[in-house]
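Undergrad: Input: one structure, supplied below.
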Amino acid sequence: MCAESAVTSPLLNGSHTSNMTASDIDSIYYICVTYIYRCEISTVTVIYVVGLVGNIFAFIVWARSGLRVSPVTYFQAICVADSLVLVMHALETLHSVHVQGVCQIVHVLFLAVQVFAIFLVLGLSLERFIDLCRPLSSEALITYSRTVRTILGLACAALLASMFEAYLWHVEPGEFGQCVLRHTMSQGFMWTYAILVLVVLFLCPLTLVLVFNVLVATRIRKRRRNSYAFSVAMVPDRHKMNVSFMVISLYLAVCEIVYAFVHITQYFVPERHLVATSANGDGAAVTSALAFSGNRSTMPLTGRWHSYYIKSGPLLIVDAWPLTSYAVDLTIFTLCSKTFRRAIRELFQRYKRRKSLIMGYREPLPY
Numbered sequence: 001m002c003a004e005s006a007v008t009s010p011l012l013n014g015s016h017t018s019n020m021t022a023s024d025i026d027s028i029y030y031i032c033v034t035y036i037y038r039c040e041i042s043t044v045t046v047i048y049v050v051g052l053v054g055n056i057f058a059f060i061v062w063a064r065s066g067l068r069v070s071p072v073t074y075f076q077a078i079c080v081a082d083s084l085v086l087v088m089h090a091l092e093t094l095h096s097v098h099v100q101g102v103c104q105i106v107h108v109l110f111l112a113v114q115v116f117a118i119f120l121v122l123g124l125s126l127e128r129f130i131d132l133c134r135p136l137s138s139e140a141l142i143t144y145s146r147t148v149r150t151i152l153g154l155a156c157a158a159l160l161a162s163m164f165e166a167y168l169w170h171v172e173p174g175e176f177g178q179c180v181l182r183h184t185m186s187q188g189f190m191w192t193y194a195i196l197v198l199v200v201l202f203l204c205p206l207t208l209v210l211v212f213n214v215l216v217a218t219r220i221r222k223r224r225r226n227s228y229a230f231s232v233a234m235v236p237d238r239h240k241m242n243v244s245f246m247v248i249s250l251y252l253a254v255c256e257i258v259y260a261f262v263h264i265t266q267y268f269v270p271e272r273h274l275v276a277t278s279a280n281g282d283g284a285a286v287t288s289a290l291a292f293s294g295n296r297s298t299m300p301l302t303g304r305w306h307s308y309y310i311k312s313g314p315l316l317i318v319d320a321w322p323l324t325s326y327a328v329d330l331t332i333f334t335l336c337s338k339t340f341r342r343a344i345r346e347l348f349q350r351y352k353r354r355k356s357l358i359m360g361y362r363e364p365l366p367y
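Letter by letter, the sequence shown follows residues 1 to 367 in UniProt numbering.
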């Protein structure tokens with residue numbers, strides 16, 4: 001932490017400390033937090049722009065491909081969910097919500113879209129497992145209409161699992177009320193709820209994603225080793241989506257598991273003093289200590305993205321790196337999926353033909 005470094009630095013503990021005052025230490029702390037805050041805002045802003053543009057383009061390509069198969073439907077839903085995560089993360093990071101009702105809605109949706117994105121990857125992982133490891137039952141279980149209903153059900157489940165956030169958060173009364181946790185929530189209850197959210201909604205689904213990926217990869221390797229006609233000639237075309245699915249699911253799982261473990265360790269740091277950071281009109285960072293009474297200084301926040309305010313470089317990296325898992329859909333699809341690259345070529349070819357028809361293009365006359 002910047003404040004701890006300022007106090008424990010050998011340079012400051014030497015002869016210079018005799019001339020240092022509490023105001024000087026506060027100034028150093030302010031500069032450290034301001035610098036890290038600006039780095040964070042610059043980093044996540046780039047992730048927002050790249051991720052939103054890439055996810056929207058990837059969704060358009062899949063939607064225009066004309067492939068009504070289950071993996072493509074999941075890919076479209078993942079693009080939408082990842083875009084929503086980036087939008088909600090931007091609301092949490094770049095803006096301060098101090099309106100009663102909007103405060104609760106933002107926190108509910110923020111957790112819901114994260115859980116929905118994880119549920120989608122889990123659903124696709126389970127489907128790939130059934131398709132490859134239980135081929136006799138896959139034709140009856142995996143259909144386009146059933147996939148659409150499953151995605152809608154996962155969205156409803158994620159929203160219901162996040163509804164308790166609406167009760168936890170409120171805007172404090174007064175002219176400068178902040179959107180904070182309710183004062184009536186005990187420390188033990190908040191710790192229990194936070195750990196349950198991280199374990200049940202994050203760690204358990206992501207662990208299942210890793211297990212299904214290992215089983216699918218093992219099955220694919222066995223099929224490649226075998227020379228039976230069934231494993232080569234009769235494999236459905238949708239199995240070609242396995243590489244894209246595995247890269248997306250593994251990257252998301254690794255990023256989120258690392259983030260979850262680091263996030264859990266924050267709950268056991270004694271006497272954490274939270275610092276709120278915002279930006280004023282001229283772009284300068286403004287820091288103000290949040291006043292907590294009783295045990296609220298050590299109370300953990302809920303299992304959501306920006307649930308602790310970053311005051312160190314390593315935590316900044318840990319917070320920004322998992323966010324990239326929601327911004328690399330276009331890159332992964334382009335590098336790993338021949339079907340996606342072919343769909344891009346067809347999309348641009350259709351665009352050129354339509355443009356030539358609109359402009360009345362004609363072949364030049366020979367002279």
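Beta carbons are placed, not taken as given, at the ideal position from N, Cα and C, and that holds for glycine.
Bear in mind the structure is a predicted one, so any value in this text is a computation, not a measurement.
Throw me the rounded Cβ distance for the ILE105 and ASP329 pair, which I believe falls under 8 Å.
TA: The Cβ separation is near 26 Å, so there is no contact.
Undergrad: On the premise that GLU165 lies in contact with LEU111, defined as a C-beta separation below 8 Å, what is that separation, rounded to the nearest angstrom?
TA: Yes, LEU111 and GLU165 are in contact; Cβ-Cβ is about 6 Å, under 8 Å.
Undergrad: When we look at the beta-carbon of PHE245 and count the other beta-carbons within 10 Å, is it buried (16 or more) or exposed?
TA: With 16 or more Cβ atoms within 10 Å of its Cβ, PHE245 is classed as buried.
Undergrad: Grouping DSSP H, G and I as helix and E and B as strand, with all else coil, what is VAL171?
TA: Correct three-state label for VAL171: strand.
Undergrad: Ignore the nearest five residues each way along the sequence and tell me which others in ILE344's own chain have a CB closer than 7 Å to its CB.
TA: Closer than 7 Å at the Cβ level, and outside the excluded window around ILE344, lie VAL61.
Undergrad: If SER325 sits next to LEU252, beta carbons under 8 Å apart, how far is it from one beta carbon to the other, in whole angstroms?
TA: Between LEU252 and SER325 the Cβ distance is about 5 Å, and since that is below 8 Å, they are a contact.
Undergrad: Tell me, which residues are paired with residue 381 by DSSP?
TA: Lying before the first or after the last residue shown, residue 381 is absent from the chain, which here runs from 1 to 367.
Undergrad: Just verifying my parser: in three-state terms, what is the DSSP assignment at LEU67?
TA: Three-state result, LEU67: coil.
Undergrad: Can you tell me whether DSSP reads VAL254 as helix, strand or coil?
TA: In this structure, VAL254 counts as helix in the three-state DSSP scheme.
Undergrad: If you count every other CB in all the chains shown that lies within 10 Å of the CB of GLN100, and 16 or more means buried, which is it?
TA: Its Cβ having fewer than 16 others within 10 Å, GLN100 is exposed.
Undergrad: Kindly indicate if chain B contains any beta-carbon less than 8 Å away from that of LEU250.
TA: In the structure shown, chain B does not exist; there is a single protein chain.
Undergrad: Report buried or exposed for LEU256, applying the criterion of at least 16 other Cβ atoms within 10 angstroms of its Cβ.
TA: Checking the sequence shown, residue 256 turns out to be Glu, not Leu. So GLU256 ends up on the buried side.
Undergrad: Report back the beta-carbon spacing between residue 370 and LEU141 to the nearest angstrom; my notes put them in contact at under 8 Å.
TA: With the chain covering 1 to 367 only, the question about residue 370 has no answer from this structure.
Undergrad: If we ignore side chains and look at the alpha-carbon of each, how far apart do LEU181 and VAL214 end up?
TA: When rounded, the distance between both Cα atoms is 40 Å.
Undergrad: Whole-angstrom Cβ separation of ALA85 and LEU91, contact assumed at under 8 Å?
TA: Checking the displayed sequence, the identity of residue 85 turns out to be Val instead of Ala. Between LEU91 and VAL85 the Cβ distance is about 11 Å, and since that is not below 8 Å, they are no contact.
Undergrad: Can at least three beta-carbon pairs, one atom from the region 145-156 and one from the region 189-197, be found at a separation below 8 Å?
TA: No, the region 145-156 does not touch the region 189-197.
Undergrad: For ALA158 and LEU357, I'd like the C-alpha separation in whole angstroms.
TA: C-alpha separation (whole angstroms): 46 Å.
Undergrad: Can you have a look at PRO173 and say buried or exposed, based on whether 16 or more other CB atoms are within 10 angstroms of its CB?
TA: Classification of PRO173: exposed, given that the 10 Å Cβ count is below 16.
Undergrad: CB of ARG225 to nearest heavy atom of the ligand SAM: below 7 Å?
TA: Questions concerning the ligand SAM fall outside what the structure shown contains, since it holds no ligand whatsoever.
Undergrad: Spatial neighbours of GLN76 within its chain, please: C-beta separation below 8 Å, excluding the five flanking residues on both sides.
TA: Cβ within range, chain order: PHE59, TRP62, ALA63.
Undergrad: For a quick check, are the C-beta atoms of ILE332 and VAL216 less than 8 Å apart?
TA: Contact flag unset, no.
Undergrad: Please classify ILE47 as buried or exposed, where buried requires at least 16 neighbouring CB atoms within 10 angstroms.
TA: Under this definition ILE47 is a buried residue.
Undergrad: Using only CA atoms, which one of VAL80, SER70, PRO322 lies nearest to ASN55?
TA: Measuring from the Cα of ASN55, the nearest candidate turns out to be VAL80.
Undergrad: Could you give the distance in angstroms between the alpha-carbon of LEU151 and the alpha-carbon of HIS107?
TA: Here residue 151 turns out to be Ile, not Leu, going by the sequence shown. Whole-angstrom Cα-Cα distance: 22 Å.
Undergrad: Per DSSP, what kind of secondary structure is MET246 in: helix, strand or coil?
TA: MET246 falls in the helix class under three-state DSSP.
Undergrad: Have a look at PHE116 and ALA327 and give me their C-alpha separation to the nearest angstrom.
TA: Rounded to the nearest angstrom, the two C-alpha atoms are 16 Å apart.
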